[in-house]
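S.K.:
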Amino acid sequence: MGRVGKAAFDIKRDSRVSGTENRPYASMPPLQNSCLRLRFALLRDPMPTRFPFHRLQLSQRSRWYLLRSRFFSRHTIRLEADAAMQRLERIGSSHFYLEPASQTLFKFARDKYAWHRQPLKWLAQDLLEKRLLAGGDAIKEWRSNRILRRAGLGAVECRGVGIALNPFNPLGSVYAMAYLPEAQSGETHFKALEEAGRRDFVKQLCREVIRLANHGYYHRDLHYGNFLVDAQGKFVWIDTHVRRLPKRPNKRRQSLVRMLSVRKLQGTAYRDLALDYLERHYFDHPASQKREEPHAR
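With this note's numbering as the guide, the letters of the sequence shown map in order to residues 60 to 356.
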């Protein structure tokens, strides 16, 4: 339970240290090891609203969430699901809604088990682990977003994270982020390139991988659909789940090699290109493999 119980927020302290009081995404603090501290921090920290309880109106239905955000000052947030949101849902397994006024994208993670079909698994994983111990996908994405930014990678602006108040709400957690309609999916961008451009694209991705590895982490699920490409050609990570790299060099190497999938990189040639790039620019340079310990907060 120690792995999934790392959840507490102390935004006031974190913003004082980093000087980022006015940047919502940067003021999100690291996760700690206590569920009780999470609850206390949620209620004690000064927020635009007195209590962090928000009613999210999803089409014709309203759902209540304990939403940790400095971005929204009203209790009721009306969300819409247009054709663009439906396209996002076809790509991934989450549910997407848009708050048009602020151009905020809400990503809802569905429970893995149904309470009336597999009650024990639902109780142990979806309710206890993901909600009460704050081990849900939204919490992990929030934490990973901060790790990517510390490593110097571009990541979407995070505007809030929350868990459902109703235990029988199948949309157990929510992750709010800036909506970037002008940016292009990495997969769409890759397919539109010529062969030389695709090879440069893979090398650019490898440079991002190396930068994160030097910070001590690697992507849990590396594929082109996990990031956007903006007008300047820079990557903006939107699915930000990362894991800590092992300390031992051989284990660290195995983790990075397993991360490179032929299917996800869309071809053996591109997977081999990525592996060769890491061999020459990371594995063959021991100094670059030193893990950068996360800053203590």
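Every residue gets a Cβ at the ideal spot worked out from N, C-alpha and C, and that includes glycine.
Just so it is clear, the structure is predicted and the values come from calculations on it, not from any experiment.
Helix or strand or just coil, what does DSSP make of Glu-267?
M.R.: Glu-267 falls in the helix class under three-state DSSP.
S.K.: Using C-beta distances below 6 Å, list every residue in its chain close to Arg-133, excluding the 5 sequence neighbours before and after it, in chain order.
M.R.: Cβ within range, chain order: n/a, list empty.
S.K.: DSSP on Phe-286, reduced to helix/strand/coil?
M.R.: Three-state result, Phe-286: strand.
S.K.: Please confirm whether Gly-213 and Lys-293 have their CB atoms less than 7 Å apart.
M.R.: A contact, by the Cβ cut-off of 7 Å.
S.K.: Can you give me the Cβ contacts of Ala-197 inside the same chain, cut-off strictly under 8 Å, excluding the 5 residues immediately before and after it?
M.R.: Only Lys-166, Ala-168, Val-220, Gly-221, Ile-222, Ser-232, Val-233 and Tyr-234 meet the Cβ criterion.
S.K.: For Ala-251 and Gly-326, what's the separation of their Cα atoms in angstroms?
M.R.: So the two alpha carbons sit approximately 15 Å from each other.
S.K.: Expressed to the nearest angstrom, what Euclidean distance is found between the alpha-carbon atoms of His-113 and Val-301?
M.R.: Whole-angstrom Cα-Cα distance: 28 Å.
S.K.: Kindly indicate which three-state DSSP category Arg-222 falls into: helix, strand or coil?
M.R.: Here residue 222 turns out to be Ile, not Arg, going by the sequence shown. Three-state result, Ile-222: strand.
S.K.: In this structure, how does DSSP classify Leu-115 when only helix, strand and coil are distinguished?
M.R.: The answer is strand: DSSP assigns Leu-115 an E or B state.
S.K.: Taking Arg-257 and Phe-249 to be in contact with their CB atoms under 8 Å, please state how far apart those CB atoms are, rounded to whole angstroms.
M.R.: Yes, Arg-257 and Phe-249 are in contact; Cβ-Cβ is about 6 Å, under 8 Å.
S.K.: Give the secondary structure of Phe-130 by DSSP, where H, G and I count as helix, E and B as strand, and everything else as coil.
M.R.: Residue state, collapsed to three classes: coil.
S.K.: Would the beta-carbon of Ala-328 fall within 7 Å of that of Val-261?
M.R.: No. Outside cutoff.
S.K.: Helix, strand or coil for Ala-242, going by three-state DSSP, please let me know.
M.R.: In the structure shown, Ala-242 sits in coil (DSSP, three-state: anything other than H, G, I, E or B).
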